[in-house]
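K.L.:
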Amino acid sequence: MSNHPKDFILILDFGSQFTQLITRKIRELNVFSEIKPFNISMEEIKSLKPSGIILSGGPESVYDENAPLPDPAILELGIPVLGICYGLQIVTHFHGGGIASSGKREYGLAELNIQNNDLLFENVGEKSQVWMSHGDALTKLPDGFEILAHTNNSPYAAFADKSKNIYAVQFHPEVSHSVDGKTILGNFLSKICKCKPDWTPGSFVKNTVAEIRKRVGDSNVICGLSGGVDSVVAAALVQQAIGDQLTCVFVDNGLMRKNEATEVATTFKAYFESNFISVDAVELFLQKLSNVSNPEEKRKIIGNTFIKVFEKEADKIRDVKYLVQGTLYPDVIESVSAKGGPSVTIKTHHNVGGLPDIMNLKLIEPLRELFKDEVRRVGKELGLPAEVLNRHPFPGPGLAVRIMSDITKARLDLLREVDSIFIEELKNNNQYDLIWQAFAVLLPVKSVGVMGDRRTYESVVGLRAVTSTDGMTADWARIPYDILALISNRIINEVHGVNRVVYDVSTKPPSTIEWE
Ligand code: XMP
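Put into C-alpha cells, the structure is as follows:
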C-alpha cells in the first residue's frame with residue numbers, strides 16, 4: 000500500500016545511524032517522508048514525485064573506492080535538495096568543490112555562525128548550537144554556491160545554490176542537540192519545498208480507509224488479533240473501511256498474562272462487535288507444548304498450532320480474499336543501514352509462520368509506512384482505549400518463552416502472578432510508561448531460602464525491564480532501588496513457590512530482550 004500524500008519528502012539513505020531520525024523529524028512536522036536506498040533509479044525517483052529530496056549522512060568519504068554515489072542527475076531534476084553531512088560531500092563532489100580529510104575531526108557540539116540570512120535559517124538567531132560528526136571537510140566551495148554559515152572548524156558549514164534550490168549542511172539538524180534543527184528542517188519543508196503540513200493522523204486515516212475500500216471491493220477480510228497495538232490498530236482501520244466484511248479472530252493460547260485474555264476479549268468485543276470471534280484453544284496449546292523445553296521448538300509449535308486454529312475459523316467464512324497484518328515501517332525499510340543488521344533477525348520472530356501463503360490470501364498492511372509512536376497516534380484518532388495503545392509489546396509465543404523449561408499450567412500460573420505484581424507496581428509508581436517492555440521470567444533453578452524459622456527450597460524469578468525506541472537495541476531500565484525492593488518483597492510474600500528475585504542488568508546487544 001503506498002499512497003503518498005502530494006507533499007512528500009524522499010530521503011536517500013547513505014548509511015547514517017541518523018537516517019531514520021530525519022524521517023521521524025519530518026513526519027513530526029506533519030509532512031510525509033520515506034527512506035529509500037541511495038541507488039534507486041532515476042525512473043523510480045521521478046515516479047515518486049517528491050516535493051524535496053534529502054541526502055542523508057553516511058560513514059564513508061566520497062573519495063573511498065566503493066563510496067555510495069547517487070545518479071548525479073538527481074541534482075538536475077529541478078526538485079529542491081538538502082544534503083546533510085555526507086550528503087553535503089555529494090553536492091560538493093558533483094559541483095566541482097573540494098573535500099579533504101580534515102586534520103581536526105569535528106565531533107560533538109559546535110557553534111554555528113549564520114552569515115547569510117536565508118530561507119533555510121529563517122527564525123534562527125545569528126549563532127546556534129549544532130551537532131557535528133565528520134572527519135572530512137570542505138576545502139573549496141562548489142561552483143555557483145554561496146556560503147550561508149560557518150563554525151570554528153568548518154568555514155563552509157552550510158551553503159546553497161539558491162537559484163537551483165540546492166542546500167547543504169555539514170551539521171545534523173535531525174539530532175536534538177542541534178537546538179534549531181527542527182526550525183531549519185521546517186524551513187526546508189515549507190519555504191523551500193513549499194510543502195503543506197497536512198500529514199496528520201486524521202488525514203492518514205481518511206486516505207488509508209479510502210484506499211482499503213477501493214482495493215477490497217466486496218470481498219471478505221480476516222485478521223488475527225493478538226491484543227498488541229499493531230494488529231488492533233490495523234484491524235480498526237480496515238473495519239472503518241469495510242465494516243462487516245472484516246472478521247477478527249482472537250486465539251486464546253493460554254500463554255498470555257494474568258486476566259489478559261478476558262480483558263482483550265471484552266475490549267475487542269465492545270469495539271469490533273459482531274466482527275469479533277474469540278477462540279479458546281488453551282488446552283490444545285498446553286497439550287502440544289507438553290515436555291518441550293527448546294525455545295525454537297516452542298516457537299514452531301505455537302506458530303503451527305495458531306495457524307491450524309486460525310484456518311479452521313477462516314474456513315467458516317465465505318469468500319475470504321485478504322488477511323490484515325500489522326507490519327510496521329522499521330520491518331520494511333530497505334535502508335543501507337538496515338542491510339544485514341539486527342532488524343533482519345527481529346523480522347523472523349514477528350512473522351507468524353507464513354499464514355498468507357498457506358491460506359492463499361493477499362495481504363493488507365495498512366501500517367507499513369508508520370513507526371510505533373505514529374501507530375499509537377492513529378489508534379487514538381480511531382478511538383481505541385489508551386490501555387490498549389500504551390501496552391508494552393508482548394511476543395507472539397507469550398509466556399512460553401519466559402519459562403526456561405517445559406511449560407505446565409502450574410508454571411504459567413506462577414509466572415502470571417509474579418508478572419502481574421511487577422507490572423502493577425510499575426504502574427503504581429509511574430514507571431510503566433517510561434519503560435519499553437517489562438516482564439518476569441521463571442528460571443529452571445531452585446534456591447535455598449529461609450522463611451519464618453523454616454528452610455525453603457523454591458524457584459528463582461528474573462525481572463527484566465528495558466528502555467528502547469524500537470526493540471533493536473535496548474538498555475536495562477534504571478528502576479529506583481526502593482521500587483525494586485517493594486516489588487521483590489511483594490513477589491516473595493505473595494507468590495507461593497518463589498523465594499528469590501533477581502534483576503537483569505544486561506543491555507541488548509550483546510544480550511537480547513527476551514531470555515529465550
Ligand atoms: P529480542 O529478545 O529478540 O526481542 O531482543 C526483541 C523484541 O521482539 C519480541 N520478540 C518476539 N515477538 N515473536 C514475537 O512476536 C517472537 O518469537 C519474539 N521473540 C522476541 C520481544 O518481546 C521484544 O519486544
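Under numbering that gives the first Met the number 0, the first residue of the sequence shown is numbered 0, with each subsequent residue one higher.
Glycine included, every Cβ here is placed at the ideal spot set by N, Cα and C.
Around the Cβ of G382, are there at least 16 other Cβ atoms within 10 angstroms (buried) or fewer (exposed)?
P.N.:
For the purposes of this step, residue 382 is identified with residue 383 of the sequence shown, where counting begins at 1. Its Cβ having fewer than 16 others within 10 Å, G382 is exposed.
K.L.:
Does any heavy atom of the ligand XMP sit closer than 8 angstroms to the C-beta of F284?
P.N.:
Here the question's residue 284 lines up with position 285 in the sequence shown. Checking the Cβ of F284 against the ligand XMP gives no.
K.L.:
Look up D135 in the DSSP assignment and give the residues it is bridged to.
P.N.:
Here residue 135 is taken as the residue at index 136 of the sequence shown, counted from 1. Beta-bridge pairing links D135 to S100.
K.L.:
Using the beta-carbon count (16 or more within 10 Å), is S175 buried or exposed?
P.N.:
The residue labelled residue 175 in the question sits at position 176 within the sequence shown. S175 is exposed by the Cβ-count criterion.
K.L.:
Is any heavy atom of the ligand XMP found at a distance shorter than 8 angstroms from the C-beta of Q324?
P.N.:
In the sequence shown, residue 324 corresponds to position 325, counting from 1. No, the ligand XMP has no heavy atom inside 8 angstroms of this Cβ.
K.L.:
Write down every uninterrupted run of the beta strand (DSSP E) in the stretch 444-506 whose length is 3 residues or greater and which is fully enclosed by it, in chain order.
P.N.:
Here the runs fully enclosed are 453-466 and 497-502.
K.L.:
Between the Cα of G397 and the Cα atoms of F144, A260 and Q16, which residue gives the shortest distance?
P.N.:
Residue 397 sits at position 398 when you count from the first residue of the sequence shown. Out of F144, A260 and Q16, A260 has the C-alpha closest to the C-alpha of G397.
K.L.:
If you follow the beta strand (DSSP E) that E386 is part of, which residue opens it and which one closes it?
P.N.:
To locate residue 386, count along the sequence shown from 1; it is residue 387. Unbroken run through E386 is the alpha helix (DSSP H), A385 to L388; no beta strand (DSSP E).
K.L.:
For P36, does the three-state DSSP call read helix, strand or coil?
P.N.:
Numbered from its first residue, the sequence shown carries residue 36 at position 37. Reduced to three states, the DSSP call for P36 is strand.
K.L.:
Around the Cβ of R410, are there at least 16 other Cβ atoms within 10 angstroms (buried) or fewer (exposed)?
P.N.:
If you number the sequence shown from 1, residue 410 lands on position 411. Flag for R410 reads buried.
K.L.:
Can you tell me whether K297 is buried or exposed? The criterion is at least 16 other CB atoms within 10 Å of its CB, across all chains shown.
P.N.:
Taking the first residue of the sequence shown as position 1, residue 297 is located at position 298. K297 should be labelled buried.
K.L.:
Rounded to whole angstroms, what's the CA-CA distance from N488 to S55? Just pull it up for me.
P.N.:
In the sequence shown, residue 488 corresponds to position 489, counting from 1. In the sequence shown, residue 55 corresponds to position 56, counting from 1. Near 50 angstroms, if we compare the C-alpha coordinates of S55 and N488.
K.L.:
Going by beta-carbon coordinates alone, are P329 and Q16 separated by less than 9 angstroms?
P.N.:
Here the question's residue 329 lines up with position 330 in the sequence shown. Here the question's residue 16 lines up with position 17 in the sequence shown. Cβ atoms of P329 and Q16: not closer than 9 angstroms.
K.L.:
Within a Cβ cutoff of 8 angstroms, which residues of the same chain sit near S551, ignoring the five residues on either side of it in sequence?
P.N.:
Within the shown structure, residues of the chain are numbered from 0 to 515, placing residue 551 beyond reach of any answer.
K.L.:
Please state if the CB of V90 and the CB of G97 are separated by a distance shorter than 9 angstroms.
P.N.:
Counted from its first residue, the sequence shown places residue 97 at position 98. Counted from its first residue, the sequence shown places residue 90 at position 91. Against a cut-off of 9 angstroms, the Cβ pair of V90 and G97 comes out as no contact.
K.L.:
Closest by CA to N151, which one among L483, G227, I241 and M131?
P.N.:
Locating residue 151 in the sequence shown gives position 152, counting from the first residue. Here the closest residue by C-alpha is M131.
K.L.:
Give me the residue from V447, L414 and P58 with the minimum Cα distance to L87.
P.N.:
Position 88 of the sequence shown, counting from 1, holds the residue named residue 87. It is P58 whose Cα lies nearest to the Cα of L87.
K.L.:
For D412, name the three-state secondary structure that DSSP assigns.
P.N.:
Sequence index remark: in the sequence shown, residue 412 carries index 413 (1-based). Of the three classes helix, strand and coil, the one that applies to D412 here is helix, per DSSP.
K.L.:
Which residue wins for smallest C-alpha separation from I306, given the options N293, V291 and A280?
P.N.:
Here residue 306 corresponds to residue number 307 of the sequence shown, with the count starting at 1. If we check each option's Cα against that of I306, A280 comes out closest.
K.L.:
Could you check the C-alpha separation between V440 and E515 for me, to the nearest Å?
P.N.:
One-based indexing of the sequence shown puts residue 440 at position 441. One-based indexing of the sequence shown puts residue 515 at position 516. The alpha-carbon atoms of V440 and E515 are separated by roughly 10 angstroms.
K.L.:
Determine the closest residue to D229 out of G378, D432, K5 and V500, with distance taken between C-alpha atoms.
P.N.:
The sequence position of residue 229 within the sequence shown is 230, counting from 1. Nearest of G378, D432, K5 and V500 to D229, Cα basis: G378.
K.L.:
For a test of the three-state rule: what should DSSP assign to K346, helix, strand or coil?
P.N.:
As a first step, residue 346 must be located in the sequence shown, where it is residue number 347. Because K346 carries a pLDDT of 34, less than 50, the predicted location of this residue cannot be relied on, and no value is offered for it.
K.L.:
May I ask you to report which of helix, strand or coil DSSP gives V215?
P.N.:
Locating residue 215 in the sequence shown gives position 216, counting from the first residue. The answer is helix: DSSP assigns V215 an H, G or I state.
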